[in-house]
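Engineer: There's a structure below that I have some questions on.
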Amino acid sequence: MLDIQLLRNDIKSVAARLSSRGFELDTAEFTRLEAERKTIQTLTQELQAKRNASSKQIGIAKSKGEDASAIMAEIAHLGDELKAAETALAALQAPLNALLMSIPNLPHESVAIGKSEEDNVEVSRIGTPRAFDFPVKDHVDLGEKLGLDFETASKIAGARFSLLRGNLAKLHRALAQFMLNTHTDAHQYTEVYVPYLVNAESMRGTGQLPKFEEDLFHVPRTDAEQLYLIPTAEVPVTNMVRGEIVPREQLPLKFVAHTPCFRSEAGAYGRDTRGMIRQHQFDKVELVQLVEPEHSYAALETLTGHAEAILQALGLPYRKMALCTKDMGFSAAKTYDLEVWLPAQNTYREISSCSNFEAFQTRRMQARFRGENGKPELLHSINGSGLAVGRTLVAILENYQQADGSVTIPEVLRPYMGGIDALVPTAS
RNA sequence: GGAGAGGUGGCAGAGUGGUCGAAUGUACCUGACUCGAAAUCAGGCGUAGGUGCAAACCUACCGUGGGUUCAAAUCCCACCCUCUCCGCCA
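Residue 2 is where the first sequence starts when you use my numbering, and the numbers rise one by one after that.
Structure representation (structure tokens):
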């Protein structure tokens, strides 16, 4: 959510910055609603003030045993008038608030203006894709004999689910463990274990609601509030500070969580249907930081570096992309995507997305700290995948495959794998 | 699942219809005393919003949402959450 003051004071430049990301702000509508709101709010408050003053007089008169019927007669008509004003005000504030909630974040000034993902800027390219002297297989073909089973998953649940067996499942677990240990030990994040089902308020806090309801899995309950399956650990972790005023000396807050993520992929029919690139359920290790505003862009750089450190330790070639205005998510002010090399697709594919949301999320959730002057100020939130576990597994399979269909296990993962150095295909 | 208790300011805790945005304590800030500190004394100390150049004034908020009333922290209804005991349970 943007600061409404910004819209009141300088809606033209806000609209200009928003149009760079393809969002056309209805400035006429906002200005109209806002002008009406001002009039009606002032009127409402005047009526309330009158009522309060008179009620006080009645109270004083009665406590002295005097007759208050004169004052009471004077404001007898006030009730209906006030009720009408309050109703009118509420009827204005609802659409005003809905409009405000539907406006995406302003892109940071360093973000390239673009029309599509074609305009994203490559910041760096690390590692060299390996030269293969045999025809490369993709992770589906490789996985067939290594324990990757889509048929059974689809029998159990349906399309866009996967099932892992044996050492492949263990490798998946090893990746998550390795990432968690690296972030807690080397990068000083606090590990948290969080709910995978959250309430609507939390979804509003991080920006999934009200606009992206169709992307979420719902869990209706007969005798209780509806819950949602988390699409990313960003939701429960960032909402830890919802409504809190964090003591300044505790900042920055740095959390890491390993959770499954659930996405309906409603708008993705037909895209990435092969393999485990795009699933309804996948695991992710998520990094979240809550920092003072002046440090948030530095924090975005270091957090992105923490995600990169995993790719580097695993020896996976990747590139770092600075997303252009059009390709960024709704809540982000600036985003880096990390894209890992997938030899079978002969391309780089997103494996991590690291964003600075500035105060966009924390304003919605009123997550604050006490600034130098003692006044509460909004925190900035930053998060990023460090990394998506399923896609990392895919990258390992494809980049570390051997001619015989086996897959070498990267050095750093072997301690988590009981010392074995390769996944070996089954005979059949 | 059954029975009960309760949600008030950073914390504790009073307040059952009227000068209550809320006593008191504590924490915190400022000042006085002190060489300094402690103790003591005095003052200050919630959040959001509106009008205004400002000073200031006004409005809302006592778990959430409705309702009754001239007036609600206080009465009524619904919901959410927490705690205790019993039962069940990974």
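Don't be surprised by glycine CBs; every beta carbon is placed ideally from N, CA and C.
Looking only at its chain, what residues have a beta carbon closer than 8 Å to the beta carbon of Gln178, apart from the 5 residues adjacent to it on each side?
Structural biologist: Stepping through the first sequence from its first residue, residue 178 is reached at position 177. Once the five neighbours on either side are set aside, the close Cβ partners of Gln178 are Tyr417.
Engineer: Examine the Cβ distances between the stretch 235-249 and the stretch 364-377 and report whether three or more of them are shorter than 8 Å.
Structural biologist: yes
Engineer: Rounded to whole angstroms, what is the Cα-Cα separation between Ala95 and Thr40?
Structural biologist: On the first sequence, residue 95 is found 94 positions in, with the first residue counted as 1. On the first sequence, residue 40 is found 39 positions in, with the first residue counted as 1. One C-alpha to the other measures close to 16 Å.
Engineer: Does the distance from the CB of His281 to the CB of Phe361 come in under 8 Å?
Structural biologist: Indexing the first sequence from 1 puts residue 281 at position 280. Indexing the first sequence from 1 puts residue 361 at position 360. No, the pair does not count as a contact, with Cβ atoms beyond the cut-off.
Engineer: Taking just the CA atoms, how far does Leu291 sit from Leu380?
Structural biologist: Taking the first residue of the first sequence as 1, we reach residue 380 at position 379. Taking the first residue of the first sequence as 1, we reach residue 291 at position 290. About 6 Å.
Engineer: Could you give the uninterrupted runs of the beta strand (DSSP E) lying entirely in the stretch 332-409, keeping only those of 3 residues or more?
Structural biologist: 335-343, 348-359, 369-371, 377-379, 381-389
Engineer: Leaving out the 5 sequence neighbours to the left and right, which residues in its chain are closer than 8 Å to Leu34 when beta-carbon positions are compared?
Structural biologist: Mapped onto the first sequence, residue 34 falls at position 33. Here the set comprises Leu93, Pro96, Leu97, Leu100.
Engineer: If I'm right that Glu351 touches Asp338 with Cβ under 8 Å, what's the distance once you round it to whole angstroms?
Structural biologist: Within the first sequence, residue 351 is the residue found at index 350, counting from 1. Within the first sequence, residue 338 is the residue found at index 337, counting from 1. Yes, Glu351 and Asp338 are in contact; Cβ-Cβ is about 5 Å, under 8 Å.
Engineer: Looking at C-beta atoms only, is the number of pairs between the stretch 254-272 and the stretch 323-342 that lie closer than 8 Å three or more?
Structural biologist: no
Engineer: Per DSSP, which residues does Ala430 bridge with? Please list them.
Structural biologist: Shown here, the chain extends from 2 to 429; a query on residue 430 therefore has no answer.
Engineer: For the beta strand (DSSP E) containing Thr239, name the first residue and the last one.
Structural biologist: Position 238 of the first sequence holds residue 239. Run containing Thr239: none in the beta strand (DSSP E); it sits in the alpha helix (DSSP H), 235-239.
Engineer: Can you look up Pro105 in the DSSP assignment and give me helix, strand or coil?
Structural biologist: As a position in the first sequence, residue 105 is number 104, starting the count at 1. DSSP places Pro105 in coil when its eight states are reduced to three.
Engineer: Relative to the C-alpha of Met322, which candidate in Asp120, Ala423, Val425 has its C-alpha closest?
Structural biologist: Here residue 322 is taken as the residue at index 321 of the first sequence, counted from 1. Nearest C-alpha to Met322: Asp120.
Engineer: In three-state DSSP terms, what is Leu45?
Structural biologist: In the first sequence, counting from the first residue as 1, residue 45 sits at position 44. Residue 45 is actually Thr in this sequence, not Leu. Residue state, collapsed to three classes: helix.
Engineer: Going by the beta-carbon positions, is the gap between Gly387 and Ala308 smaller than 8 Å?
Structural biologist: The residue labelled residue 387 in the question sits at position 386 within the first sequence. The residue labelled residue 308 in the question sits at position 307 within the first sequence. Taking 8 Å as the Cβ cut-off, Gly387 and Ala308 qualify as a contacting pair.
Engineer: For Ala234, which residues from the same chain have a beta carbon less than 6 Å from its beta carbon, with the 5 sequence-adjacent residues on both sides left out?
Structural biologist: As a working note, residue 234 is residue 233 in the first sequence. Ala258, Thr260, Glu287, listed in sequence order.
Engineer: Assuming Glu123 contacts Arg320 under a Cβ cut-off of 8 Å, what Cβ separation, rounded to an integer in Å, is found between them?
Structural biologist: Taking the first sequence and counting its residues from 1, the one referred to as residue 123 is at position 122. Taking the first sequence and counting its residues from 1, the one referred to as residue 320 is at position 319. About 6 Å separates the two Cβ atoms, so the contact holds.
Engineer: Glu399 to Trp342, Cα distance in whole Å?
Structural biologist: The sequence position of residue 399 within the first sequence is 398, counting from 1. The sequence position of residue 342 within the first sequence is 341, counting from 1. Approximately 9 Å, taken between the alpha carbons.
Engineer: Could you check which residue in Ser125, Val242, Ile311 has the C-alpha nearest to that of Arg365?
Structural biologist: Mapped onto the first sequence, residue 365 falls at position 364. For Arg365, the closest alpha carbon among the candidates Ser125, Val242, Ile311 is that of Val242.
Engineer: Which parts of the stretch 241-324 are runs of the beta strand (DSSP E), unbroken and 3 residues or longer, counting only runs that do not cross its ends?
Structural biologist: 254-263, 282-292, 319-323
Engineer: Helix, strand or coil for Glu226 per DSSP?
Structural biologist: Counting from 1 along the first sequence, the entry for residue 226 is found at position 225. When secondary structure is reduced to three states using DSSP, Glu226 falls in the coil class, being assigned neither helix nor strand.
Engineer: Could you check which residue in Thr223, Gln209, Glu250 has the C-alpha nearest to that of Ala230?
Structural biologist: Position 229 of the first sequence, counting from 1, holds the residue named residue 230. The sequence given here places Leu at residue 230; Ala does not occur at that position. The residue with the shortest Cα to Cα distance from Leu230 is Gln209.
Engineer: Name the DSSP beta bridge partners of Arg205, please?
Structural biologist: Translated into the one-based positions of the first sequence, residue 205 becomes position 204. Bridge partners of Arg205: none, in fact.
Engineer: So, at 6 Å on beta carbons, what are the nonlocal neighbours of Ala396 in its own chain, with the 5 sequence-adjacent residues on each side left out?
Structural biologist: Working through the first sequence from its first residue, we reach residue 396 at position 395. For Ala396, same chain residues with a beta-carbon under 6 Å away, outside a window of 5 residues either side, are Leu317, Val341 in chain order.
Engineer: Let me check understanding here. Comparing Cα to Cα, which of Val289, Ser382, Gly148 lies closest to Thr191?
Structural biologist: Here residue 191 is taken as the residue at index 190 of the first sequence, counted from 1. Comparing Cα positions, the closest option is Val289.
Engineer: Out of curiosity, what's the CA-to-CA distance linking Asp27 and Ser203?
Structural biologist: Start at 1 with the first residue of the first sequence, and residue 27 comes out as number 26. Start at 1 with the first residue of the first sequence, and residue 203 comes out as number 202. In a straight line, the C-alpha of Asp27 is about 27 Å away from that of Ser203.
Engineer: Measuring only the C-alpha atoms, how far is Ile114 from His78?
Structural biologist: Looking up residue 114 in the first sequence gives position 113. Looking up residue 78 in the first sequence gives position 77. Cα to Cα, Ile114 sits roughly 57 Å from His78.
Engineer: For Ser55, which of Lys65, Ser70, Ala389 has the nearest alpha-carbon?
Structural biologist: For the purposes of this step, residue 55 is taken as residue 54 along the first sequence, with counting starting at 1. Taking only the C-alpha atoms, the option nearest Ser55 is Ser70.
Engineer: Give the single residue among Gln189, Phe31, Leu198, Arg126 whose Cα lies nearest to the Cα of Arg222.
Structural biologist: Locating residue 222 in the first sequence gives position 221, counting from the first residue. With distances taken between Cα atoms, Arg222 lies closest to Leu198.
Engineer: Let me check understanding here. Comparing Cα to Cα, which of Ala389, Asp422, Asp139 lies closest to Val181?
Structural biologist: On the first sequence, position 180 is the one that residue 181 refers to. What sits at residue 181 in the sequence shown is Leu, not Val. For the residues Ala389, Asp422, Asp139, the minimum Cα distance to Leu181 belongs to Ala389.
Engineer: Output the boundary residues of the beta strand (DSSP E) element that contains Arg161.
Structural biologist: Your numbering for residue 161 matches position 160 in the first sequence. Here Arg161 belongs to no beta strand (DSSP E), and DSSP marks it neither H nor E.
Engineer: If you follow the beta strand (DSSP E) that Arg174 is part of, which residue opens it and which one closes it?
Structural biologist: Position 173 of the first sequence, counting from 1, holds the residue named residue 174. Element bounds for Arg174: not the beta strand (DSSP E) but the alpha helix (DSSP H), 167-182.
Engineer: What are the boundary residues of the beta strand (DSSP E) that Val141 is part of?
Structural biologist: To locate residue 141, count along the first sequence from 1; it is residue 140. It is not in any beta strand (DSSP E) - Val141 instead sits in the alpha helix (DSSP H) that spans 140-145.
Engineer: Kindly indicate which residue of Thr43, Glu30, Leu107 has the alpha-carbon position closest to the one of Asn357.
Structural biologist: In the first sequence, counting from the first residue as 1, residue 357 sits at position 356. With distances taken between Cα atoms, Asn357 lies closest to Leu107.
Engineer: Using 8 Å as the cut-off, can you tell me whether the stretch 57-75 makes contact with the stretch 10-25, which would need three or more C-beta pairs spanning the two stretches below that distance?
Structural biologist: no
Engineer: Roughly how many whole angstroms lie between the Cα atoms of Leu441 and Ala310?
Structural biologist: Nothing in the structure corresponds to residue 441, since the chain is present only between 2 and 429.
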